[in-house]
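Trainee:
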Amino acid sequence: MERTAAITQAPGGKDEPAGAPSGGRNRGEPPDVRLSGVRKTYGDVVAVGGIDLEVKRGEFFTLLGPSGSGKTTTLRMIAGFEDPDAGGVELAGRDVTGIPPYDREVNTVFQDYALFPHMTVGDNVQYGMRVQRVGKDERRRRASEALDMVRLSGYETRKPSELSGGQRQRVALARAIVNRPRVLLLDEPLGALDLKLREQMQVELKGIQGEVRITFIYVTHDQDEALTMSDRIAVFNGGRVEQVGRPAEVYEQPANDFVTGFVGASNLLERDGARITVRPEKIRLLEGADDGSGLHTERGVIRNVAYAGMITRYLVDLDAGGEVLVVRQNLETSSTEALEQRGRQVTVGWRPEHSVAVTEETRREDSQ
Ligand SMILES: Nc1ncnc2c1ncn2[C@@H]1O[C@H](COP(=O)(O)OP(=O)(O)O)[C@@H](O)[C@H]1O
Ligand SMILES: [Mg+2]
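Dropping the structure here:
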């Protein structure tokens, strides 16, 4: 099945440049979403400054970026709630620029769920079909299928107020997938949930996406969420896309210093006239027996220690200039031992291949 292939095959093969649409079985098939030179301004504010993106069929594609970077505006242009000032939007090879939302095979899930409070769960899920005058039996059947998919069978007669936040979000999801859109847009859908529930829902959402085989375009400002859930990520900054790639590419080979800092701790250093970064978990604090052979080593002083249960974070001022965050699992270390390290002279080391050259983010004139 074509769609399954698109999901199980790691998008963007090894030989292709980062972020390139994968070939393989999808070759020749137009992407589900293609944005070409899409731009949107509000007065003086450049919300989206001319972006190109391709999202493949069946992909879990995430728009990741800080608040105000243009993620929602991009989503609204795909949905058809906004028209771009310039550029075009294609869905499955069809130019939909200027076409109203209801004529696009796209649905949206919002953060505030937008459920009707006076309606039961079943009626909420059936609402769209009722408007489209789908027959009663057919409506019931499809609603029950959708609720089954989000693991809410048996909740048909409840009201939204009788559900938890996570369950409400799943009703919103059921309502959005009940008419099987080609593409589902999700704008920070887990933003209102507390951390534990959010992490649980991340896994569930990803599982549901695999089952329904709908292309997901997911907006978040949370880099952990993006790394956990996505097939590919587009990193937004000031209305521009800084990098598109698989989670490991974006994390391990950040395109520039913005991506380095936004998708992890930046750990930027100037060494021999070059800007480099080393991810915190790749840096070792060297002790006694570990002479650091094969590693690039530097001396420094531990300025700060933060014990966080599973791990401890150490901020180290390096003698050669700059500071690095070092993360260590608390295999044997107690919190007292960890905290006693503050102010200590240390040697840190990392494998040479774990330092990555980083270019400076290029500032463009027309972004804010
Ligand atoms: N309807 C609007 N009117 C004026 N400015 C807007 C409107 N929508 C978005 N903006 C501005 O455009 C920029 C991008 O917003 P948005 O796409 O909502 O970002 P994000 O979703 O990444 O937080 C922001 O500076 C925001 O204030
Ligand atoms: Mg937004």
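Residue numbering for the sequence shown follows my numbering, starting at 36 and increasing by one per position. Every residue, glycine too, gets a C-beta built ideally from N, C-alpha and C. Only a predicted model underlies this, so the values are computations on that prediction, with no experimental measurement involved.
Could you name each continuous alpha helix (DSSP H) segment of 4 residues or more that falls completely within the region 233–318, going from the start of the chain to the end?
Mentor: Qualifying alpha helix (DSSP H) stretches, in chain order: 258–264, 282–287 and 292–297.
Trainee: Going by other Cβ atoms of all chains shown within 10 Å of its Cβ, with 16 needed for buried, is M112 buried or exposed?
Mentor: M112 is buried by the Cβ-count criterion.
Trainee: Any chance the CB of A82 is under 6 angstroms from a heavy atom of ligand 4?
Mentor: With respect to ligand 4, the structure offers nothing, as its ligand set consists of ligand 1 and ligand 2.
Trainee: Under 7 angstroms, do A269 and L88 count as touching if we go by C-beta distance?
Mentor: In contact: A269 and L88 (Cβ atoms closer than 7 angstroms).
Trainee: Counting Cβ pairs closer than 8 angstroms, one from the region 106–120 and one from the region 152–168, do we hit at least three?
Mentor: No, they do not touch.
Trainee: Put R386 into one of helix, strand or coil per three-state DSSP.
Mentor: Note: R386 maps to coil in three-state DSSP.
Trainee: Answer yes or no: do I337 and Q364 have a C-beta to C-beta separation smaller than 7 angstroms?
Mentor: No, Cβ-Cβ distance for I337 and Q364 is not below 7 angstroms.
Trainee: Would you list the residues sitting across from A392 in a DSSP beta bridge?
Mentor: In the DSSP output, where bridge partners are listed per residue, A392 has I311.
Trainee: For V68, count the other beta carbons within 10 Å of its own beta carbon; 16 or more makes it buried, fewer makes it exposed. Which is it?
Mentor: By the neighbour-count rule (16 or more Cβ atoms within 10 Å), V68 is buried.
Trainee: Assign V185 to one of three DSSP states: helix, strand, or coil.
Mentor: The answer is coil: DSSP assigns V185 none of H, G, I, E or B.
Trainee: For V393, which residues of its own chain have a beta-carbon under 7 angstroms away from its beta-carbon, when the five flanking residues on both sides are left out?
Mentor: For V393, where only same-chain residues beyond five positions count, the Cβ hits under 7 angstroms are P289, N291, D292, T295, L303, R310, I311 and T312.
Trainee: I want to check one thing, is the minimum distance from the CB of T107 to the heavy atoms of ligand 2 below 6 angstroms?
Mentor: Checking the Cβ of T107 against ligand 2 gives yes.
Trainee: For the region 183–192 and the region 222–236, state whether three or more C-beta atom pairs, one from each stretch, are separated by less than 8 angstroms.
Mentor: With the cut-off at 8 angstroms, the region 183–192 and the region 222–236 do not touch.
Trainee: For G226, name the three-state secondary structure that DSSP assigns.
Mentor: G226: coil per DSSP, three-state reduction.
Trainee: Helix, strand or coil: how does DSSP classify E173 here?
Mentor: Note: E173 maps to helix in three-state DSSP.
Trainee: Compute the beta-carbon to beta-carbon distance between A178 and Q167, rounded to the nearest angstrom, for a pair I have assumed lies under 8 angstroms.
Mentor: Between Q167 and A178 the Cβ distance is about 13 angstroms, and since that is not below 8 angstroms, they are no contact.
Trainee: Below 8 angstroms, how does it come out for the region 274–282 and the region 237–251: are there three or more Cβ pairs, yes or no?
Mentor: Flag = no, the region 274–282 and the region 237–251 do not touch.
Trainee: With which residues is I337 paired in a DSSP beta bridge?
Mentor: According to DSSP, which records beta bridges pairwise, I337 is partnered with V351.
Trainee: When DSSP builds the beta bridges, which residues end up paired with V73?
Mentor: Beta-bridge pairing links V73 to I86.
Trainee: Would you tell me roughly how many angstroms separate the C-alpha atoms of E239 and G72, rounded to the nearest one?
Mentor: Going by the C-alpha atoms only, they are around 34 angstroms apart.
Trainee: How close, in whole Å, do the beta carbons of E140 and R217 come, if the pair is a contact with beta carbons under 8 angstroms?
Mentor: With a Cβ gap of about 4 angstroms, E140 and R217 count as contacting.
Trainee: Any chance the CB of Y253 is under 6 angstroms from a heavy atom of ligand 1?
Mentor: Y253: no, Cβ never under 6 angstroms from ligand 1.
Trainee: Can you tell me which residues form a DSSP beta bridge with F151?
Mentor: DSSP output for F151 lists no bridge partner at all.
Trainee: What distance in whole Å lies between the Cβ atoms of L320 and G327, which are believed to be in contact at a cut-off of 8 angstroms?
Mentor: In fact, because the Cβ distance is near 10 angstroms, the residues do not count as touching under 8 angstroms.
Trainee: Name the DSSP beta bridge partners of G123, please?
Mentor: S71.
Trainee: What residue range is occupied by the uninterrupted beta strand (DSSP E) comprising V144?
Mentor: Counting along the chain, the beta strand (DSSP E) containing V144 begins and ends at V141 to V144.
Trainee: Taking 7 angstroms as the threshold (C-beta atoms), are L219 and N159 in contact?
Mentor: Not closer than 7 angstroms, so no.
Trainee: By alpha-carbon positions, which one of R174, D229 and S265 ends up nearest to G93?
Mentor: Closest option to G93, Cα to Cα, is S265.
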